[in-house]
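What follows is the structure, encoded as structure tokens:
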């Protein structure tokens with residue numbers, strides 16, 4: 573029996589499956605098999621990016637699955653090297669070409685890069701607005717944007733991002749950004765939802781897992797979805813891919829949710845780069 577994954581309605585009226593499959597750091601040679609496994613198990617949301625180097629393989633897996641294109645939600649993200657409008661237009665065309673698709677469900681600015689491009693991510697966002705207006709991107713959003721970055725878009729542009737994909741896990745709740753998003757109708761997607769595996773041996777989480785008869789990963793993913801966030805765990809192991817689907821037939825009570833949230837370490841818990849200073853551009 574296929575797991576029923578809930579949908580979340582975005583601020584533009586489109587819907588997105590709350591659980592997806594991430595392909596970050598999956599080698600292109602492994603991507604088709606991993607995505608096919610996920611689709612066969614019932615995933616219908618795949619998250620990729622230009623910088624991951626595996627968009628073509630994601631598209632191939634969707635075609636080989638036999639599923640209707642309309643039944644698979646595809647996200648990709650703009651490469652950090654292509655923020656200038658004409659570069660962004662070419663990069664978006666390259667994404668569609670790699671996927672062999674004529675539209676993408678969600679396209680994101682991968683990082684704000686406020687120390688590069690004269691601090692101008694606004695013109696980049698306005699370019700994404702073009703993709704949405706012409707229908708080639710059904711929804712547009714951002715990734716790793718801080719509150720100040722979002723406030724700038726709110727003042728200088730016409731479109732509120734549909735989503736903000738940010739680092740969130742029990743050690744780093746990213747609560748300020750999440751609160752802004754909730755107040756402004758922006759859905760949160762949580763990347764690194766299990767802190768790159770660092771939470772898996774946490775004594776509190778191990779205890780909760782034992783009490784609920786679930787794995788630590790399932791407990792943490794359940795915490796994310798009960799908070800209303802979208803998650804897309806990554807694995808190339810079929811058993812783990814299937815295990816991550818098993819989070820919709822149990823609930824965590826309020827006290828347990830608070831215990832997990834209480835594991836937050838503030839900025840010290842961040843595992844990835846700080847968006848205010850991150851300036852990586854692929855060579």
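Numbering (this note's numbering), first residue to last: 573 to 855.
Ideal placement from N, C-alpha and C gives every residue a C-beta, glycine not left out.
Distance from residue 651 to residue 633 at the Cβ level is roughly 21 Å; contact not present, criterion being Cβ atoms closer than 8 Å.
The C-alpha of residue 587 is placed about 15 Å away from the C-alpha of residue 707. Around the beta carbon of residue 754, fewer than 16 other beta carbons lie within 10 angstroms, which makes this residue exposed.
Between the C-alpha atoms of residue 669 and residue 843 there is a straight-line separation of about 33 Å. Assignment of residue 660 by DSSP, reduced to helix, strand and coil, places it in the helix class. Relative to the Cα of residue 679, the nearest Cα in the group 694, 690, 691 and 660 belongs to 660. Between residue 832 and residue 790, the C-beta spacing is not below 8 Å. The Cβ atoms of residue 711 and residue 657 do not sit closer than 8 Å to each other.
Ranked by Cα distance from residue 759, the options 655, 766 and 751 are led by 751. For residue 821, same chain residues with a beta-carbon under 7 Å away, outside a window of 5 residues either side, do not exist. Unbroken beta strand (DSSP E) stretches of 3 residues or longer found wholly inside the stretch 707-774: 709-715, 735-739 and 759-763, given in chain order.
Between residue 667 and residue 701, the C-beta spacing is not below 8 Å.
When DSSP states are grouped into helix, strand and coil, residue 667 belongs to the helix group.
For residue 793, the enclosing alpha helix (DSSP H) has its first and last residue at 788-798.
Here residue 810 carries a helix assignment [DSSP, helix/strand/coil]. If you draw a straight line from the Cα of residue 810 to the Cα of residue 592, it is about 15 Å long. 747 is the residue among 607, 635, 642 and 747 whose C-alpha sits nearest the C-alpha of residue 837. DSSP links residue 645 through a beta bridge to 617. For residue 794, the number of other beta carbons within 10 angstroms of its own is at least 16, and it is reported as buried. Look at residue 803 here: in three-state DSSP terms it is strand. DSSP places residue 600 within a helical segment (H, G or I) once states are collapsed to three.
Between residue 681 and residue 697, the gap from beta carbon to beta carbon is short of 8 Å. Contact between residue 645 and residue 616 holds, with the beta-carbon distance rounding to 6 Å and staying under 8 Å.
Boundaries cannot be given for residue 819, as no beta strand (DSSP E) includes it and DSSP labels it neither H nor E.
For residue 786, there are no CB contacts under 6 Å within the same chain when 5 residues up- and downstream are skipped. DSSP places residue 833 outside any beta strand (DSSP E); the residue lies instead in the alpha helix (DSSP H), whose first and last residues are 826-833.
Excluding the 5 residues flanking it on each side, residue 624 has same chain C-beta neighbours closer than 7 Å at 595 and 596, in chain order. By a beta-carbon distance limit of 8 Å, residue 792 contacts residue 765. Their separation comes to about 6 Å.
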